[in-house]
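First comes the structure, then the notes that go with it.
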Amino acid sequence: MRIAWATDIHLNFLQQKKREAFFDSISACNADAVFITGDIAEAPILKIHLEEMVSSVQKPIYFVLGNHDYYYGSISSVRSETLDYCEPHNNLNYLRGNKIIGLTKNTALVGHDGWGDGRLGSWEQTPVRLNDFRLIDELKDLEYRQLIDKLRELGDEAAVSIHGILAQALDAHEHVIFLTHVPPFKESCWYEGKVGNDDWLPFFTCKAVGDTLYQLMQNRPGSKLTVFCGHTHHEGIAKILPNLRVFTGSADYGAPHVQDVLEVD
Ligand SMILES: [Fe+2]
Ligand SMILES: [Fe+2]
23 MRIAWATDIH LNFLQQKKRE AFFDSISACN ADAVFITGDI AEAPILKIHL EEMVSSVQKP
83 IYFVLGNHDY YYGSISSVRS ETLDYCEPHN NLNYLRGNKI IGLTKNTALV GHDGWGDGRL
143 GSWEQTPVRL NDFRLIDELK DLEYRQLIDK LRELGDEAAV SIHGILAQAL DAHEHVIFLT
203 HVPPFKESCW YEGKVGNDDW LPFFTCKAVG DTLYQLMQNR PGSKLTVFCG HTHHEGIAKI
263 LPNLRVFTGS ADYGAPHVQD VLEVD
């Protein structure tokens, strides 16, 4: 099975012609399916861009959402509206820790957005403040300490959602692929070929998800987990355990690209 993977495509930064050219570049991969690891657009136009992409590519698209997909909207309503929207579309699959997709005989797919959960690095000292904190309903108007608590809650929700379903997928398949937006480990939080520093780590890693993945894979040396993520816009590969690798994809606003074409058996 061939899969085209792209991340942080931020379609709202593109005119229609450029969006079409990007969709054509996906089609040119002759892949059987597409993975998108979040930051597809922004809340008010997310569904329009999903519709445009699926009707152009005409392949199953498996995706998670990123923080930008909630801009000018709310996390809870974008999530439930996106699930509802995908329901009748056979080729649009929003992964929310809610299902296991059998890709091949040996390989299954699970996904969840994740969230930068404020735990790694130094949330107390960092001067970094993301646009998330003023453009997403659940995060705006919070005092900084309340905001950190909310980020932790979002990370915990991701970890709890994926734990059972990942264990189930790993019990039934030799290899599981996990799609998420936010790098789950410090080692996977790439910036210009290095690990991001303590100012950026709080909002660019999801420790709660990382801890869950680590614990699951440490106890399953016979299984393999491959993670695909984005969010930092800088690429790299992190080998966390002999059976756990994380691929982080690169991105430039206004110039989305296919990060890789994966061969899955
Ligand atoms: Fe992004
Ligand atoms: Fe992001």
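Per my numbering, the sequence shown starts with residue 23, numbered consecutively. C-beta atoms are modelled at their ideal positions from N, C-alpha and C, and glycine is treated no differently.
Proximity winner among the options, relative to residue i (alpha-carbon distances)
i    : options                   : result
N265 : E257, N241, G252 and L164 : N241
Q147 : F44, I187 and L223        : L223
L238 : L263, D163 and F225       : L263
K81  : L192, E73 and L87         : E73
E98  : A273, E160, E214 and G271 : Strictly speaking, residue 98 in this sequence is Ser, with Glu absent from that position. Looking at the Cα atoms, E160 is the closest of the given residues.
E257 : I25, R151, V283 and G271  : G271
A191 : G88, P205 and N128        : N128
P205 : E214, A189, A230 and S183 : A230
V283 : D220, N115 and S49        : S49
V268 : D221, S102 and G252       : G252
H32  : V79, H111 and N89         : N89
F225 : H279, Y116, K246 and K172 : K172
Residues bridged to residue i (per DSSP)
i    : result
I58  : A28 and F85
I123 : L131
R267 : T248 and K261
Y236 : Partner(s): none; Y236 has no beta bridge.
V182 : The partner list for V182 (beta bridge, DSSP) is empty, contrary to what the question assumes.
W212 : V217
Y326 : Past the boundaries of the shown model lies residue 326; the chain is included only from 23 to 287, so the question cannot be answered.
E285 : R24
Whole-number beta carbon distance between residue j and residue i, since they are thought to touch under 8 Å
i    : j    : result
F250 : F57  : 6 Å
L201 : G124 : With a Cβ gap of about 15 Å, L201 and G124 do not count as contacting.
C228 : A180 : 6 Å
F85  : I62  : 7 Å
G119 : I187 : 6 Å
N59  : H195 : In the sequence on display, residue 59 carries Thr and not Asn. That pair is no contact at about 20 Å.
D220 : G143 : 4 Å
V286 : T29  : Their Cβ separation, rounded to whole angstroms, is 17 Å, which puts V286 and T29 out of contact at 8 Å.
Residue i, buried or exposed, once every other Cβ within 10 Å from all chains shown has been counted against 16
i    : result
Y93  : buried
K216 : exposed
D46  : exposed
D289 : The requested residue 289 does not occur in the structure, where the chain is confined to residues 23 to 287.
Q281 : buried
Three-state secondary structure (DSSP) of residue i
i    : result
N34  : helix
E146 : coil
F200 : strand
G95  : strand
K162 : coil
L192 : helix
D274 : coil
P206 : coil
C108 : helix
V100 : helix
H256 : coil
Any C-beta of chain D under 7 Å from that of residue i
i   : result
C51 : The structure shown contains no chain D, having only a single protein chain.
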